[in-house]
């Protein structure tokens, strides 16, 4: 019985190590967004949000800017709440990847045309799908339909 437990524990440990290694390789090696990448570059992303808000854009404004060297979509809704999409990786036809910051605390909703994807209930010219939530205001996002 002890040997069986050790074997199961070892198999679980190897699987967990492979899973963790895969995610770290994708985020830190290839630069895809995720928890590790976000917390490693958090200062840069927070600086982009601060820069976007300091532009004092009029309500209803939506446009693309280059902030801190990254393409950034800024959406200021009619209520003055910002939704800021930061594209950290653009692989052309393979998609765009990055983060979404929102002043409003949203819950992801299913996409009508693509039931396997979720999005945020915001209007923006850059279509995006969210894959994970970093915290109350930050989401990991991608746009595979480029």
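Residue numbers (this note's numbering): 70 to 215. Cβ atoms here follow ideal geometry from the backbone N, Cα and C, with glycine treated the same way.
The Cβ atoms of residue 157 and residue 213 do not sit closer than 7 Å to each other.
Here residue 189 is buried: its Cβ has 16 or more other Cβ atoms, across all protein chains shown, within 10 Å. Counting only the Cα atoms, residue 73 lies some 56 Å from residue 150. Of the residues assessed, residue 116 falls on the exposed side of the cut-off, its CB having fewer than 16 other CB atoms within 10 angstroms. If you look at residue 116, you'll find it isn't in any beta strand (DSSP E); it sits in the alpha helix (DSSP H) that goes 111-123. Across the structure, residue 205 and residue 176 are spaced so that their CA atoms are roughly 9 Å apart.
Nearest in C-alpha terms to residue 143, of all of 169, 88 and 162, is 169.
Judged by their CB atoms, residue 178 and residue 167 are not nearer to each other than the 7 Å cut-off.
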